[in-house]
Amino acid sequence: MTRLGDLERAVMDVLWDSVPGTSDGITVREVADALDGRELAYTTVMTVLDRLAGKGMVQREREGRAWRYRAAASREAYIAQLMLDALDLGGSRDAALVRFARSVTGTEAEVLRAALGAEAGATGHDGSALTDRVEAPSVDGLPPRTDKAADR
């Protein structure tokens, strides 16, 4: 997964914050205007968006002579992939997961329990599916990973 530099992250934040998934995207000028506190040249923003497109982080469509850009995946999907990549850095995935689980707040732990329960198809004491009672947060509407890395 691509790690983002400061300017790339700022541009992605603009896209994540201002372009709904159903949108056609926004232009370089609109991104530059949203970054108005940074005093960036139009061509700098255009170059960053072009590089992000090359990295697969943004999608673009031609509109006349301009391009319209939107994030290829949600902020949550990006962060989740960074977390999975961090687990692949080496050492014990189990130890890293346990350390992470011990560092989250009570509310975050409940979210994790609900998501894991939904993934496992757990049922409640009354026999109802856990997913009928607790809605786990969606990660960009993507289905759970089914590759071997998800099972490590």
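Numbering (the numbering used here), first residue to last: 349 to 500. Cβ coordinates follow ideal geometry from the N, Cα and C atoms, glycine included. All values derive from a computational prediction rather than experimental measurement.
{"Query": "Simplified DSSP assignment, three categories, for VAL367", "Result": "coil"}
{"Query": "Cβ distance (whole Å) where ARG416 is taken to contact THR391 below 8 Å", "Result": "Going by Cβ atoms, the distance from ARG416 to THR391 rounds to 18 Å, so no, they are not a contact pair."}
{"Query": "C-alpha gap between ARG418 and ARG386, whole angstroms", "Result": "20 Å"}
{"Query": "Host beta strand (DSSP E) of ALA414 (start-end)", "Result": "414-419"}
{"Query": "Sequence-distant residues of the same chain with beta carbon closer than 7 Å to ALA420, five excluded per side", "Result": "GLY404, MET405, VAL406, GLN407"}
{"Query": "Minimum C-alpha distance to VAL362 - residue among ARG351, LEU397, GLU467", "Result": "LEU397"}
{"Query": "Euclidean distance between Cα positions of GLU458 and MET431", "Result": "19 Å"}
{"Query": "Local conformation of GLU409 per DSSP, three classes", "Result": "strand"}
{"Query": "Burial state of LEU437 (16 or more Cβ within 10 Å)", "Result": "exposed"}
{"Query": "The alpha helix (DSSP H) enclosing ARG461, as first and last residue numbers", "Result": "454-468"}
{"Query": "Between the CA atoms of ARG399 and ASP488 - distance to the nearest angstrom", "Result": "Confidence is the limiting factor: at ASP488 the pLDDT is only 44, short of 50, which leaves the residue's position unreliable and the question unanswerable from this model."}
{"Query": "Beta carbon of VAL393 nearer than 7 Å to that of ALA414", "Result": "no"}
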